[in-house]
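Here's the structure we're looking at; comments come further down.
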Amino acid sequence: MLAKLYTYSLFGIEAVPVEVEVDISPGAIPKTILVGLAEAAVKESTHRIERALVNSGYSRPIDRVVINLSPADLPKDAASFDLPIALGLLTASGQLASERFEQYAAIGELALDGQVRLVKGALSMAVGAREQGKRGLVVPIANAREAAVVDDLEVIAVGSLAEAVGFFSEQLSLEPVAFSWDAAVEEHGRYPVDFADVKGQESAKRAVTVAAAGGHHLLMIGSPGTGKTLLAQRLGTILPQLAPEESLETTRIWSAVGRLSSGQSLMLLRPFRSPHHTISEAGLVGGGSTPAPGEISLAHNGVLFLDELPEFNRRTLEVLRQPLEENHVTISRAIGSVTFPANVMLVAAMNPCPCGYRGDPRRQCNCGPLQIERYLAKISGPLLDRIDIHIEVPPVPFRELSDKSTGTDSASMAAQVTAAREIQQRRFAGRRHTLNAKLMPREIRRHCRLEAGAESLLKSAMEDMGLSARAHDKILRIGRTIADLDHSEDITSGHLSEAINYRTLDRRYWA
2 MLAKLYTYSL FGIEAVPVEV EVDISPGAIP KTILVGLAEA AVKESTHRIE
52 RALVNSGYSR PIDRVVINLS PADLPKDAAS FDLPIALGLL TASGQLASER
102 FEQYAAIGEL ALDGQVRLVK GALSMAVGAR EQGKRGLVVP IANAREAAVV
152 DDLEVIAVGS LAEAVGFFSE QLSLEPVAFS WDAAVEEHGR YPVDFADVKG
202 QESAKRAVTV AAAGGHHLLM IGSPGTGKTL LAQRLGTILP QLAPEESLET
252 TRIWSAVGRL SSGQSLMLLR PFRSPHHTIS EAGLVGGGST PAPGEISLAH
302 NGVLFLDELP EFNRRTLEVL RQPLEENHVT ISRAIGSVTF PANVMLVAAM
352 NPCPCGYRGD PRRQCNCGPL QIERYLAKIS GPLLDRIDIH IEVPPVPFRE
402 LSDKSTGTDS ASMAAQVTAA REIQQRRFAG RRHTLNAKLM PREIRRHCRL
452 EAGAESLLKS AMEDMGLSAR AHDKILRIGR TIADLDHSED ITSGHLSEAI
502 NYRTLDRRYW A
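Each residue of the sequence shown is one higher than the one before, counting from 2 in the numbering used here.
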């Protein structure tokens, strides 16, 4: 007897429809054959499924069993095929009859006792089921809240193989899982940190506000313990709340690699990723024989923080250059090409020298000129040029540390950022981008009007500092953001002076 069911396989973060066909025919020796380019995790599943059937009270087929996973040329490497294969075996052996296999797809890993376990990529599979016109998707209970985010799709949560059989045989009534945006925000949409926690560093907070308002990349240079990491960790608290489309796209990436917290339905806070400096190129931008997203994609719509920037392998840092410009990563393998989104705010932090105390008034630097030069040379000029804002984060004096009053908090900074971004949204209405950091050269000429005094200031800065054409455009983009924070139509000398100050450190340290 032949049984046919529907499920999904992940390729990158996209769900590809897969047909599960199970055929049982008489044979002298019981044998199970699995075809369809199944990887090791899927091939091993036959033993797991057989014991799950027996331990759930069903009979194991003792004839010749052929299981086909179509399309045959798509690699399949996940345990999510367990549940549809088990249901197919029960149907092909005459233990289950259902009219629902055409309407509902199924995903889930089986334990030996028949329990249905969590799988990766349930959200993408739910999106795929809706796009394929399915009425619903049967998922493990642990994935139910995540899959229920998708509109116009019934998400049926099952905890065991017996429950799945009961649903498909229509002997057990299971209500679709409901999703509430407000409830999700209340549970997972609050930041536990605030910029009020950071004592002093008001000039650094101003630079962070400018970076957040325009979507500019940021580099912080300072001695150990000055608050660089604290500032970076709190950047998400002043960025606008994730829009539903952004939240869905970010969640699909995290779901595909199994990073969602238990019971979490959506990513409602902007991701903050801080990889260790020993990370590989594939770990940073993605890779593997079956392409998987890297840290830059996990930080999509959020912040990628690279602490101790010179300690990263220089070649690893160089692979960031293209994704920072194009906001996506394309990985090509023999089985096909996968594109992962990578729209991030890059925030980097570093010490001014190997010992960390160059220019610190409280500690003496023991590094020689050659050591410092070799340390700074680990960061290439092209990468440095792609980071818009460079600031120094000086040590905080005791007077400010012991001050009982709170400094600038996240709420006031977020209000400034929100107002500036609303101006940008009106300016770029109907465009692909809505941030000053993404201004194209033609748009710079149109939107970055300078006052007479500001134009002469920019000219002298270009000549005195030897700035590149890219640095010239960066200054204008930053100046446009500062003017937006000031609700000004034109870029004044004051706005441009502040923007130029954010581009002077690389000339001082790397000259």
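Glycine is no exception: its CB is placed at the ideal position from the N, C-alpha and C atoms.
- Rounded C-alpha distance that separates G228 from L113: A straight line joining the alpha-carbon of G228 with that of L113 spans about 50 Å.
- Query: Taking S275 as the reference, which of D361, L305, G454 and E247 has the closest Cα?
  - Reply: For S275, the closest C-alpha among the options D361, L305, G454 and E247 is that of L305.
- Got a sec? Which residues, its chain only, sit under 8 Å from R131 by beta carbon, not counting five neighbours each side? Around R131: V151, D152, D153 and L154.
- Roughly how many angstroms separate the alpha carbons of E176 and Q104, rounded to a whole number? Taking the straight line joining both Cα atoms gives about 16 Å.
- Inter-residue spacing [alpha-carbon to alpha-carbon] between L6 and V21: In a straight line, the C-alpha of L6 is about 5 Å away from that of V21.
- Work out the CA separation of L231 and P225 for me, nearest whole Å. P225 and L231: Cα-Cα distance of roughly 12 Å.
- Could you tell me if R481 is buried or exposed, where buried requires 16 or more neighbouring beta carbons within 10 angstroms of its beta carbon? It counts as buried.
- Item | Contacts around R443, its chain only, beta-carbon distance under 8 Å, and the 5 residues preceding and following it disregarded | When the five nearest sequence neighbours on each side are left out, no beta carbon in the same chain lies closer than 8 Å to the beta carbon of R443.
- Put R478 into one of helix, strand or coil per three-state DSSP. Residue state, collapsed to three classes: helix.
- Within the stretch 398-486, ranges of the alpha helix (DSSP H) (whole runs, at least 4 residues): Taking only runs of at least 4 residues, the alpha helix (DSSP H) segments lying wholly in the stretch 398-486 are 399-402, 411-428, 442-448, 453-466 and 470-486.
- Could you have a look at R131 and say whether DSSP puts it in helix, strand or coil? Note: R131 maps to helix in three-state DSSP.
- Message: Using only the alpha-carbon positions, how far apart do L377 and I336 sit?
- Response: Looking at the backbone, the Cα of L377 and that of I336 are separated by about 40 Å.
- Item | According to DSSP, residues forming a beta bridge with L220 | DSSP, once it has assigned bridges, lists A349 and H391 as partnering L220.
- With K44 and G216 assumed to form a contact (beta carbons below 8 Å), what rounded beta-carbon distance in angstroms separates them? So it is not a contact: roughly 46 Å between Cβ atoms.
- Query: Name the DSSP bridge partner or partners of R65?
  - Reply: Answer is S26 and K32, bridged to R65.
- Query: Which word fits G264, buried or exposed, when buried means at least 16 other C-beta atoms lie within 10 angstroms of its C-beta?
  - Reply: For G264, the number of other beta carbons within 10 angstroms of its own is below 16, and it is reported as exposed.
- Message: With a threshold of 7 Å on Cβ separation, who are the neighbours of A127 within its own chain once the five nearest residues in sequence on each side are excluded?
- Response: So the qualifying residues of the chain are L138, A148, V151, L154 and V156.
- Message: Closest to H301 by C-alpha separation, out of S494, C449 and E246, would be which residue?
- Response: The shortest C-alpha separation from H301 is found at E246.
- Query: Does the beta-carbon distance from S170 to A98 come in below 8 Å?
  - Reply: The answer is yes: Cβ separation under 8 Å.
- Could you tell me if the beta carbon of P272 falls within a distance shorter than 7 Å of some heavy atom in the ligand NAD? Among the components of this structure there are no ligands whatsoever, and the ligand NAD is therefore not found.
- Item | Which of helix, strand or coil DSSP assigns to K44 | If DSSP states are grouped into helix, strand and coil, K44 belongs with the helices.
- Query: Cβ atoms of Q116 and G89: under 8 Å apart, would you say?
  - Reply: The answer is no: Cβ separation not under 8 Å.
- Item | Chain-order list of residues whose beta-carbon lies under 8 Å from that of I254 (same chain, five-residue window excluded) | The residues are I14, P294, S298, L299, H301, F341 and P342.
- When the Cα atoms are used, what is the spatial distance from P413 to I239? What sits at residue 413 in the sequence shown is Ser, not Pro. Each residue's Cα considered, the two are about 9 Å apart.
- Query: So is T92 buried or exposed if we call it buried at 16+ other beta carbons inside 10 Å?
  - Reply: Its Cβ being crowded by 16 or more others within 10 Å, T92 is buried.
- Message: Can you tell me which residues form a DSSP beta bridge with F306?
- Response: Within the DSSP bridge table, the entry for F306 names V348 as partners.
- Could you give the distance in angstroms between the alpha-carbon of G58 and the alpha-carbon of E51? Whole-angstrom Cα-Cα distance: 11 Å.
- Message: I'd like the span of the alpha helix (DSSP H) that includes K5, first residue to last.
- Response: Per DSSP, K5 belongs to no alpha helix (DSSP H); it is in the beta strand (DSSP E), L3 to F12.
- What residues in its chain sit with their C-beta under 7 Å from that of E401, if we drop five residues either side in the sequence? For E401, where only same-chain residues beyond five positions count, the Cβ hits under 7 Å are K200 and G201.
- Message: Using CA atoms only, rank isn't needed, just tell me which of G122, F82 and E282 is closest to I68.
- Response: It is F82 whose Cα lies nearest to the Cα of I68.
- Is R207 helix, strand or coil when you go by DSSP? R207 carries a helical assignment under DSSP once its states are collapsed to helix, strand and coil.
- Can you have a look at S411 and say buried or exposed, based on whether 16 or more other CB atoms are within 10 angstroms of its CB? With 16 or more other Cβ atoms within 10 Å, it is buried.
- Message: When you compare the CB positions of V120 and A79, do they come within less than 8 Å of one another, or not?
- Response: It is a contact, given that the beta carbons lie within the stated cut-off.
- Task: Count the other C-beta atoms from every protein chain shown that fall within 10 angstroms of the C-beta of N437, then say buried if there are 16 or more, exposed otherwise.
- Result: Under this definition N437 is a buried residue.
- Task: Drop a sphere of 10 angstroms on the beta-carbon of I476, count the other beta-carbons inside from all chains shown, and report buried for 16 or more, exposed for fewer.
- Result: Taking every protein chain shown into account, the CB of I476 has 16 or more other CB atoms within 10 angstroms, so this residue is buried.
- Task: Out of D487, D485 and I501, point me to the one whose CA is closest to D474's CA.
- Result: Cα-wise, what sits closest to D474 is I501.
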